[in-house]
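A.B. asks: Numbering (the numbering used here), first residue to last: 1070 to 1487. From the three backbone atoms N, C-alpha and C, an ideal C-beta is built for every residue, glycine too.
1) At which residue ranges does the segment 1323-1406 contain complete beta strand (DSSP E) runs of 3 or more residues, listed in the order of the chain?
2) Taking residue 1188 as the reference, which of 1258, 1167, 1219 and 1156 has the closest Cα?
3) Check each candidate in 1197, 1373 and 1334 and name the one with the smallest Cα separation from residue 1311.
4) When DSSP labels each residue in this structure, what does residue 1448 get in the three-state scheme?
5) Going by DSSP, what residues sit across from residue 1019 in a beta bridge?
6) With distances taken from CA atoms, which of 1267, 1246 and 1450 is nearest residue 1181?
7) Can you name the residues that DSSP bridges to residue 1429?
8) Taking the straight line between their C-alpha atoms, what separation do you get for residue 1283 and residue 1146?
9) Return the CA-CA distance between residue 1238 and residue 1332, expressed in angstroms with no decimal places.
10) In whole angstroms, what is the alpha-carbon distance linking residue 1303 and residue 1224?
11) Would you give the residue range spanned by the beta strand (DSSP E) that residue 1240 belongs to?
12) Taking residue 1344 as the reference, give the member of 1322, 1352, 1353 and 1218 with the closest Cα.
13) Where does the unbroken beta strand (DSSP E) through residue 1282 begin, and where does it stop?
14) Between the alpha carbons of residue 1372 and residue 1384, how many angstroms are there, rounded?
15) How many whole angstroms separate the CB atoms of residue 1252 and residue 1196, which I take to be in contact at a CB cut-off of 8 Å?
16) How far does the alpha helix (DSSP H) with residue 1293 in it extend, from its first residue to its last?
17) Counting Cβ pairs, one atom from each stretch, are 3 or more of them under 8 Å apart for the segment 1392-1400 and the segment 1416-1436?
18) What are the partner residues of residue 1273, as DSSP defines its beta bridges?
19) Less than 8 Å between the C-beta atoms of residue 1278 and residue 1306, yes or no?
20) From the DSSP output, in three-state form, read off residue 1253 for me.
21) Using 8 Å as the cut-off, can you tell me whether the segment 1228-1242 makes contact with the segment 1205-1214, which would need three or more C-beta pairs spanning the two stretches below that distance?
22) Could you name the residues of the same chain whose beta carbon sits closer than 7 Å to that of residue 1151, not counting the 5 residues immediately before and after it, in chain order?
23) Would a C-beta distance cut-off of 8 Å place residue 1445 and residue 1166 closer than the cut-off?
24) Rounded to whole angstroms, what's the CA-CA distance from residue 1374 to residue 1386? Just pull it up for me.
25) Would DSSP call residue 1418 helix, strand or coil?
26) Give the straight-line distance between the Cα atoms of residue 1342 and residue 1329, rounded to the nearest whole angstrom.
27) Among 1287, 1236 and 1452, whose alpha-carbon lies nearest the alpha-carbon of residue 1377?
28) In whole angstroms, what separates the C-alpha of residue 1437 from that of residue 1340?
29) Can you tell me whether DSSP reads residue 1177 as helix, strand or coil?
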């Protein structure tokens, strides 16, 4: 190895790490690493759990048709009027496809089971015996029978009687008419033992799945659920789906409870299915839980029907005071274009009923805490808390400080090699 001290043409000292041109490759690699950091620290070289706040705002312009962006979105700053508009969007009338007064028919239908009792004025008639063991009141109860596929029932000495589509009272009168002259002053009572054709079914996550007959006065959704033993899951996790004539409409049970007009009348043939649907939100970035929980724990379940953004941030551990940029708390969701239009947001370039939307809360402003306490979370919302700019600077300094040690290690290794 050449150990002489090199000089330049003016006699000054020339610094040379190695005289052999094949040896400085590790050092050059380290210097290249520094150059890469200096030139690209803003372009994703430094580790991060998400985009910086400046980039969220920079790319919030509408980018539909822009090949440099895959999703165009809008950013909406949380203000009192924004929170008021959004909260008014929640709730409202449910089961829009199931509205209208239910037609609760008392007519018999195919499959219904009927009971027929015939009374005669005295013993010794067509149906009653003269013996002392005859039924009290000179009455005889015929075996229960089901309305057949032709809609008929059969009565001895009266023959086939059309029952489907008729009320029990109409059937009584026809049976009485056909028995007159054969029985002794007959009186007939027809009652429904099992109303199969005029019933609804309640299935799924209920304690007692059941087929429930509809009485002449009708039956509403909540009483039907009560007849089925109630739901197994809490009301804010119980999704109620009603299937009627090929249409399905769904709502959470707690939303039905909040407004009496959502407790709709059910119709014959309706199928009510209860499913458990846990609701959750996601939290990323500089939240308090980040350093203590694994990636799977960034998904947090709702504890109640109405959870505010403040509740959600508290559940996620709050903001990390050594990382978070309090002015850059973002909430991602797909918002209805009607809601955004009412807030004055231009969504003309966004096709479809839902628009990718980012809401931004500024918690450096003390009033921001009141806003997040009123801002209602929705199922599958995503919270992202951006890092403060100083955090990225400290990351950069930490990496730069490690470079001299890396170069020194490379030099020792190179000297040992050569």
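C.D. replies: According to the structure shown:
1) Those beta strand (DSSP E) runs which fall completely within the segment 1323-1406 and span 3+ residues are 1340-1345, 1349-1354, 1368-1370 and 1393-1405.
2) Of the listed residues, the one whose Cα sits closest to residue 1188 is 1258.
3) Of the listed residues, the one whose Cα sits closest to residue 1311 is 1334.
4) Residue state, collapsed to three classes: coil.
5) For the chain, the structure presents residues 1070 to 1487; residue 1019 sits outside this window and is missing.
6) Taking the Cα of residue 1181 as reference, the smallest distance to any Cα among 1267, 1246 and 1450 is reached at 1267.
7) Answer is 1146 and 1399.
8) Whole-angstrom Cα-Cα distance: 51 Å.
9) Their backbone Cα atoms lie some 31 Å apart in a straight line.
10) Cα-Cα distance, rounded: 50 Å.
11) Per DSSP, residue 1240 lies in no beta strand (DSSP E) segment; the continuous alpha helix (DSSP H) that holds it begins and ends at 1237-1248.
12) Taking the Cα of residue 1344 as reference, the smallest distance to any Cα among 1322, 1352, 1353 and 1218 is reached at 1322.
13) First-last of the beta strand (DSSP E) with residue 1282: 1279-1282.
14) In this structure, the CA atom of residue 1372 is about 10 Å from the CA atom of residue 1384.
15) Taking C-beta atoms under 8 Å as the contact rule, residue 1252 and residue 1196 qualify, at a distance of about 6 Å.
16) From DSSP, the alpha helix (DSSP H) with residue 1293 extends over 1290-1296.
17) Judged by Cβ distances under 8 Å, the segment 1392-1400 makes contact with the segment 1416-1436, as three or more pairs qualify.
18) In DSSP, residue 1273 forms a bridge with 1343.
19) Residue 1306 sits away from residue 1278, with the two beta carbons spaced by 8 Å or more.
20) If DSSP states are grouped into helix, strand and coil, residue 1253 belongs with coil.
21) Counting C-beta pairs closer than 8 Å gives fewer than three between the segment 1228-1242 and the segment 1205-1214, which falls short of the contact rule.
22) The beta carbon of residue 1151 sits closer than 7 Å to the beta carbons of 1145 and 1412 from its chain, once the five residues preceding and following it are set aside; these are given in chain order.
23) Contact: no.
24) Residue 1374 and residue 1386: Cα-Cα distance of roughly 20 Å.
25) Secondary structure of residue 1418 (DSSP, three-state): coil.
26) Looking at the two C-alpha atoms, the distance is approximately 20 Å.
27) Closest by alpha carbon: 1452.
28) Put simply, the backbone Cα of residue 1437 is about 46 Å away from that of residue 1340.
29) Here residue 1177 sits in coil by DSSP.
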